[in-house]
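One line per chain: the protein sequences are A and B, in this order.
Using my numbering, the first residue of the first sequence is number 1, and each one after it goes up by one.
Using my numbering, the first residue of the second sequence is number 1001, and each one after it goes up by one.
Every residue, glycine too, gets a C-beta built ideally from N, C-alpha and C.
2 protein chains.
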Amino acid sequence: MRWIRYETNGHPAYGIVEGDMVTEVRGDPFAGYERTAVRQPMASVKLLTPVEPRTFYCAGLNYAEHVIEAARKRGQEPNLPKAADIGYRANNALIAHGEPIVIPADATERVQYEGELVAVIGSKAKQLSEADALSCVLGWTIGNDMSERTWQANDRTLWRAKNADTFKPMGPWIETDFNLDAAETRVRVNGAEKIRFKTNNMIFGPATFISRMSQYLTLYPGDVVWMGTEGAPENVKHGDTVEIEITGIGTLRNPVVRASR
Amino acid sequence: MRWIRYETNGHPAYGIVEGDMVTEVRGDPFAGYERTAVRQPMASVKLLTPVEPRTFYCAGLNYAEHVIEAARKRGQEPNLPKAADIGYRANNALIAHGEPIVIPADATERVQYEGELVAVIGSKAKQLSEADALSCVLGWTIGNDMSERTWQANDRTLWRAKNADTFKPMGPWIETDFNLDAAETRVRVNGAEKIRFKTNNMIFGPATFISRMSQYLTLYPGDVVWMGTEGAPENVKHGDTVEIEITGIGTLRNPVVRASR
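Here you go:
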């Protein structure tokens, strides 16, 4: 099943996508829903981020090549994570499929995409075993963990390097039927493929992260867990369009502009 | 004016505190409110955290003695922050005044309080000058940034060191009339004072942080900014009670228990 969140009459609503049509529901996929008689073409709706998370989790370094490439650029030895220690991103930075990524006027040219799988939590969960961990996941979406590398290297935290407004595109929808082992992540800039990798080629998979997280914290419906990216991303600039495709989910597409202030 | 958020008939409501009485309002202090005729004694209400933030900001290292003492314990040279780079905490960890701080069963004995001033954002804000920065602040509350120091030193992120469930007591209320320059923070464990410091003795004050943050991100009503702590906190254990008082606001009090799992 494919869930979208969209604006209708100035309010957010959830809908179920079937082919090119959306059926609006009363309620939501977390607390319960029923279908309404309102149907409209997908092309006519304004998409919102599929969810506004209570807590926005992000694995950060979670693919070996990405860790190795990032260390090489800093002239350091790579240091692969030894445990599934989750990190965070900030809600202010979220934007939907189609909305522009706005590079701050004083950012350097080192602004880069990171295509990521996102787990959307569907039910409250604590102390799950690894075998049961995915039982709390409603479905999967796509994230683009946009990053300003100069700030990332120099600021004390990732606040503006990773969490400037618009730096966290997420969407286009939540897909509940997803085969992680079969999935491939493909990143394109202006239509040209930049990288393609097995989505499940993670250092620690979603079940490992969610199980470990849940030993110390409660996961809530609507929380999201971004799973990290692979490889050595390249810079993007004003006028570019970034697409993150994960096969079996869809494609998250956002234009890039630079603020002129 | 003093705002509380509390549970009434199983739902959260905002109320205005006058003396020992609470007047329930329709609406909230952010989007607008009107007083109702419902009044009850403060002693009869179950307090909730004064707000559920959209984004939970935290300054981290922001008092010189705290930075110096922490570095000394690690056997390192102190490295004072050079800019107001904001950090984050997680909503799952928030608890209200009076609720127990639960130390995870496998935590070490190095679990410590950190008494902090908290700015509660009242209105949407972007690109504020330092002179105007506090115009977006509705009021002030108190936070206790509970920390497990062994995990803090060894994990790749602060996820369980700072954000285990119950590690972020916040409250008891939002005080809108507050003189930061006159305020003193006092931390007590089981009634014995552990430290007392000028609340405004920060490396970067709230106006500096909020102005700088707002150059890159949008602040939203209900966001909170925790401002850091002073000194070298001590361990607390099962059976202790921690009080953070900030003069002119009030006292945040929480018992400590250790999970037995």
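Item                                                                                                                                                                           : Value
How many angstroms separate the CA atom of B:Trp1003 from the CA atom of B:Ala1059?                                                                                            : 24 Å
Near A:Ser123, which residues of its chain fall below 7 Å by C-beta distance, leaving aside the five closest residues on each side in sequence?                                : Cys136, Pro221
Which parts of the segment 43–111 of chain A are runs of the beta strand (DSSP E), unbroken and 3 residues or longer, counting only runs that do not cross its ends?           : 56–58, 101–103
Leaving out five residues on either side along the sequence, give the residues of the same chain with a beta carbon under 6 Å from the beta carbon of A:Arg258.                : Ile103, His238
So, at 7 Å on beta carbons, what are the nonlocal neighbours of A:Glu69 in its own chain, with the 5 sequence-adjacent residues on each side left out?                         : Gly231, Ala232
Using a C-beta to C-beta distance shorter than 7 Å, which residues of chain B count as neighbours of A:Arg54?                                                                  : Asn1091
List the residues of chain B that A:Thr218 touches, going by C-beta distances under 8 Å, in chain order.                                                                       : Asn1092, Asp1165
Answer yes or no: do A:Ile101 and A:Thr166 have a C-beta to C-beta separation smaller than 7 Å?                                                                                : yes
Between B:Gly1143 and chain A, is the shortest Cβ-Cβ distance under 7 Å, so that the two count as touching?                                                                    : no
I'd like the list of long-range same chain contacts for A:Arg188, defined as Cβ closer than 6 Å, with 5 residues on each side in sequence excluded.                            : Glu243
Kindly provide the ranges of any alpha helix (DSSP H) runs that are 4 or more residues long and lie completely inside the segment 159–244 of chain A, ordered along the chain. : 159–163, 206–214
Is A:Arg156 helix, strand or coil by DSSP?                                                                                                                                     : coil
Classify A:Gln271 as buried or exposed, calling it buried when 16 or more other Cβ atoms lie within 10 Å of its own Cβ.                                                        : Lying outside 1 to 261, the shown extent of chain A, residue 271 of chain A is not represented and no answer is given.
Pair every Cβ in the segment 1127–1145 of chain B with every Cβ in the segment 1172–1190 of chain B, then say whether three or more of these pairs are closer than 8 Å.        : yes
Between which two residues does the beta strand (DSSP E) containing B:Asn1144 stretch?                                                                                         : 1137–1144
Does A:Ala259 come out as helix, strand or coil in the three-state DSSP assignment?                                                                                            : coil
Please list, in chain order, all residues of the same chain as B:Pro1012 whose beta carbon is under 8 Å from its beta carbon, the five residues on each side excluded.         : Arg1005, Tyr1006, Leu1048
Quick one: is A:Ile86 near chain B, going by C-beta distance under 7 Å?                                                                                                        : yes
Given 8 Å as the limit, is there contact between the segment 28–41 of chain A and the segment 64–82 of chain A, that is, 3 or more CB pairs closer than that?                  : no
A:Thr247: which of A:Pro50, A:Glu184, A:Val256, A:Leu217 sits nearest, CA to CA?                                                                                               : A:Glu184
For A:Thr251 and chain B, any beta-carbon pair shorter than 7 Å?                                                                                                               : no
If you check the beta carbons only, do B:Phe1204 and B:Ala1084 fall under 7 Å apart?                                                                                           : yes
Looking at chain A, which residues of the segment 1222–1236 of chain B have a Cβ within less than 9 Å of any of its Cβ atoms?                                                  : Asp1223
Residues of chain A with CB under 9 Å from B:Pro1104, in chain order?                                                                                                          : Gln215, Tyr216
Specify, as a first and last residue, the run of the beta strand (DSSP E) that A:Ile121 falls within.                                                                          : 115–121
Look at the Cβ atom of A:Ser214, then the Cβ atom of A:Ala125, and state whether they are nearer than 7 Å.                                                                     : yes
Which of the three DSSP states, helix, strand or coil, is assigned to A:Leu128?                                                                                                : coil
Determine which residues of the segment 151–164 of chain A have a Cβ less than 7 Å from any Cβ of chain B, and write them out in chain order.                                  : Asp155, Arg156, Thr157, Trp159, Arg160, Asn163, Ala164
Quick check on this structure: which residue in A:Pro255, A:Met202, A:Ala93 has the alpha carbon closest to the alpha carbon of A:Pro269?                                      : No answer is possible for residue 269 of chain A: it lies beyond the span of chain A, which begins at 1 and ends at 261.
Anyone know if the C-beta pair for B:Pro1169 and B:Ile1121 falls short of 7 Å?                                                                                                 : no
Just how far apart, CA to CA, sit B:Asp1223 and B:Val1045?                                                                                                                     : 24 Å
Tell me the residue span of the beta strand (DSSP E) that contains B:Ile1016.                                                                                                  : 1011–1018
Cutting at 6 Å between CB atoms, please list the residues of its own chain near A:Val67, excluding the five before and the five after it.                                      : Leu61, Pro78, Leu80
On the three-state DSSP scale, how would you describe B:Ala1031?                                                                                                               : coil
By DSSP's criteria, A:Ile249 is part of a beta bridge. Which residues make up the other side?                                                                                  : Paired residues: none, contrary to the question.
Should A:Gly250 go down as buried or exposed, given a rule of 16 or more other Cβ atoms within 10 Å for buried?                                                                : buried
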